[in-house]
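Throughout the sequence shown, residue numbering follows numbering that gives the first Met the number 0, covering 0 to 302 in sequence. To keep things clear, I will list the structure first and then write my remarks on it.
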Amino acid sequence: MYLYHFGLTQLPFTLTPNTSFYLGLAPHNEALAVLLTALKTGEGFLKVIGEVGTGKTLLCRKLLNDIPDHFVTAYIPNPYLNPDELRRAVAVELGVKQAQRMSVQLLTQRIQTRLLELHAKGHSVVLIVDEAQALPEESLEALRLFTNLETESRKLLQVVMFAQPELDARLAEQHFRQLRQRITFSYRLRAMSAEEVEHYIQHRLNVAGYKGAALFSSKLCRQLTKASKGIPRLVNVICHKMLMLGYGEGQYQLTPKHLSLAVNDTEDTVKPNNHWRTIGVLTATLVVLVIAAWLFIPMERFV
0 MYLYHFGLTQ LPFTLTPNTS FYLGLAPHNE ALAVLLTALK TGEGFLKVIG
50 EVGTGKTLLC RKLLNDIPDH FVTAYIPNPY LNPDELRRAV AVELGVKQAQ
100 RMSVQLLTQR IQTRLLELHA KGHSVVLIVD EAQALPEESL EALRLFTNLE
150 TESRKLLQVV MFAQPELDAR LAEQHFRQLR QRITFSYRLR AMSAEEVEHY
200 IQHRLNVAGY KGAALFSSKL CRQLTKASKG IPRLVNVICH KMLMLGYGEG
250 QYQLTPKHLS LAVNDTEDTV KPNNHWRTIG VLTATLVVLV IAAWLFIPME
300 RFV
């Protein structure tokens with residue numbers, strides 16, 4: 000690949016949510032601060048909403064890494080589970096033995112017993128669900144019922160949901176009003192600005208070992224922001240393809256040509272305008288109008 004060509008020690012723009020590449024941009028820092036503050040105050044339900052590719056999973060991993068030691072976490076990365084599967088997955092995460100074999104009633108009792116044990120030892124328990132918009136309707140209700148487990152002063156289980164905007168659309172329905180009203184803190188991730196995109200690109204290159212002159216100029220970053228809509232995943236895909244193109248041509252400076260080729264090869268991007276094609280269409284239109292006028296005028300005179 001292009002590692003040796005650009006003096007890199009690892010690929011800087013992979014789609015794997017590697018927390019070593021985490022950059023504390025304003026939207027992610029704000030979301031992380033909201034989550035940690037709400038968890039410390041014992042809030043039952045929290046959610047973070049973001050469009051596809053805005054860094055929800057990376058933020059989720061960052062939360063798992065940075066959460067204080069007294070928290071015990073149960074992490075569900077694939078929530079397309081029916082209520083029974085969800086309960087058993089939570090039980091396994093909490094260390095309930097033989098969770099896959101016991102009845103639903105006994106399983107619920109064991110989960111509550113385990114939560115009380117952890118509470119007695121001074122632990123707070125957090126269930127973190129990634130891609131929560133994929134939860135079936137019955138499982139969303141099961142998730143709500145988990146938060147009924149409480150002592151007189153504190154919830155035994157707190158829930159954090161990371162999801163796409165489709166979850167908000169589902170929760171807006173009347174029969175989800177009980178769950179909706181239990182969500183005490185919510186945060187919506189936004190896309191990156193042009194300045195943030197430039198900082199983001201340079202940061203990832205630095206982490207990957209790059210030490211040369213800037214590969215992406217400020218102007219190129221502004222164009223890249225427009226093409227990617229400031230979505231981190233699309234920025235990664237485009238930058239990766241641009242580095243491949245630069246390597247293929249033996250170049251060390253990336254150009255608008257590389258950007259245009261990468262964007263045209265990437266789904267869900269804003270395609271660049273083809274200046275010469277636009278001029279050609281306008282010229283052709285003018286020629287047709289002139290010919291039409293030339294044909295029309297003699298007919299007027301003849302009549």
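A virtual CB, placed ideally from N, CA and C, is assigned to each residue, including glycine.
1. From GLU197 to VAL128, what does the alpha carbon distance come to, in whole angstroms?
2. Compute every distance between the C-beta of ALA133 and the non-hydrogen atoms of the ligand ATP, then say whether any falls below 7 Å.
3. Could you spell out where the alpha helix (DSSP H) holding THR56 opens and where it closes?
4. Rounded to whole angstroms, what's the CA-CA distance from PRO67 to TYR186? Just pull it up for me.
5. Helix, strand or coil, according to DSSP, for ARG187 in the structure here?
6. In angstroms with no decimal places, state the Cα-to-Cα distance between GLN132 and ARG86.
7. For PRO255 versus GLY52, is the C-beta distance shorter than 8 Å?
8. Please report the straight-line C-alpha distance between PHE12 and TYR251, rounded to a whole angstrom.
9. Using only alpha-carbon positions, find the residue among HIS118, GLU29, ARG179 and LEU34 that is nearest to LEU144.
10. Under 7 Å Cβ to Cβ from GLU229, same chain only, skipping five residues before and after it: list those, please.
11. Between the segment 18-36 and the segment 51-65, can you find at least three pairs of beta-carbon atoms closer than 8 Å?
12. Measure the alpha-carbon distance for ILE48 versus ALA141 and round it to whole angstroms.
13. According to DSSP, GLN157 sits in a beta bridge with which residue or residues?
14. If you run the structure through DSSP and keep just helix, strand and coil, what is LEU40?
15. Would DSSP call LEU93 helix, strand or coil?
16. Helix, strand or coil for VAL47 per DSSP?
17. Quick check: HIS202 and LEU57, are their CB atoms within less than 8 Å of each other?
18. What residue from MET243, LEU156 and GLU130 has the CA that sits closest to PRO164's CA?
19. Hey, out of PHE70, LYS61 and ARG113, whose CA is closest to PHE161's CA?
20. Tell me where the beta strand (DSSP E) around PHE70 begins and ends.
21. Would you call TYR199 buried or exposed, if buried means 16 or more other Cβ atoms sit within 10 Å of its Cβ?
22. Would you please state the rounded distance, in angstroms, between the beta carbons of PHE215 and LEU253? I believe it to be under 8 Å.
23. Looking at C-alpha atoms only, which residue of ARG109, CYS238 and LEU139 is the closest neighbour of ARG169?
Reading off the structure:
1. Position 198 of the sequence shown holds residue 197. Position 129 of the sequence shown holds residue 128. Rounded to the nearest angstrom, the gap between the Cα atoms of GLU197 and VAL128 is 31 Å.
2. Looking for the ligand ATP in the displayed structure turns up nothing, as the structure carries no ligands at all.
3. Counting from 1 along the sequence shown, the entry for residue 56 is found at position 57. It spans 55-65 - the alpha helix (DSSP H) in which THR56 sits, taken as one unbroken run.
4. Taking the sequence shown and counting its residues from 1, one reaches residue 67 at position 68. Taking the sequence shown and counting its residues from 1, one reaches residue 186 at position 187. When rounded, the distance between both Cα atoms is 20 Å.
5. Translated into positions along the sequence shown, residue 187 becomes position 188. DSSP, read as helix, strand or coil, puts ARG187 in strand.
6. Position 133 of the sequence shown, counted from the first residue, corresponds to residue 132. Position 87 of the sequence shown, counted from the first residue, corresponds to residue 86. Our two residues, GLN132 and ARG86, have alpha carbons roughly 18 Å apart in a direct line.
7. Mapped onto the sequence shown, residue 255 falls at position 256. Mapped onto the sequence shown, residue 52 falls at position 53. For PRO255 and GLY52, no; Cβs fall outside 8 Å.
8. Taking the sequence shown and counting its residues from 1, one reaches residue 12 at position 13. Taking the sequence shown and counting its residues from 1, one reaches residue 251 at position 252. Near 17 Å, if we compare the C-alpha coordinates of TYR251 and PHE12.
9. Start at 1 with the first residue of the sequence shown, and residue 144 comes out as number 145. Ranked by Cα distance from LEU144, the options HIS118, GLU29, ARG179 and LEU34 are led by ARG179.
10. If you number the sequence shown from 1, residue 229 lands on position 230. A quick correction: the sequence has Gly, not Glu, at residue 229. Only residues of its own chain outside the window of five on either side were considered, and among them ALA190, MET191, SER192 and VAL196 have a CB closer than 7 Å to the CB of GLY229, listed in chain order.
11. Enough Cβ pairs lie closer than 8 Å, so yes.
12. Counting from one through the sequence shown, the residue named residue 48 turns up at place 49. Counting from one through the sequence shown, the residue named residue 141 turns up at place 142. Computed Cα separation, rounded: 20 Å.
13. Counting from 1 along the sequence shown, the entry for residue 157 is found at position 158. DSSP, once it has assigned bridges, lists VAL125 as partnering GLN157.
14. The count along the sequence shown starts at 1 and reaches residue 40 at position 41. At residue 40 the sequence reads Thr, which differs from the Leu that was named. Judged by DSSP in its simplified three-state form, THR40 adopts coil rather than helix or strand.
15. In the sequence shown, the residue the question calls residue 93 occupies position 94. Secondary structure at LEU93: coil, using DSSP grouped into helix, strand and coil.
16. Position 48 of the sequence shown, counted from the first residue, corresponds to residue 47. Strand, per DSSP.
17. Residue 202 sits at position 203 when you count from the first residue of the sequence shown. Residue 57 sits at position 58 when you count from the first residue of the sequence shown. Cβ atoms of HIS202 and LEU57: not closer than 8 Å.
18. Your numbering for residue 164 matches position 165 in the sequence shown. Answer by Cα proximity: GLU130.
19. Here the question's residue 161 lines up with position 162 in the sequence shown. The residue with the shortest Cα to Cα distance from PHE161 is LYS61.
20. Indexing the sequence shown from 1 puts residue 70 at position 71. From DSSP, the beta strand (DSSP E) with PHE70 extends over 70-75.
21. Within the sequence shown, residue 199 is the residue found at index 200, counting from 1. Counting C-beta atoms within 10 angstroms of its own C-beta, TYR199 has 16 or more neighbours from the protein chains shown and is therefore classed as buried.
22. Within the sequence shown, the letter at position 216 stands for residue 215. Within the sequence shown, the letter at position 254 stands for residue 253. 6 Å between Cβ atoms; contact.
23. Taking the first residue of the sequence shown as 1, we reach residue 169 at position 170. A check of alpha carbon separations from ARG169 across ARG109, CYS238 and LEU139 identifies LEU139 as the nearest.
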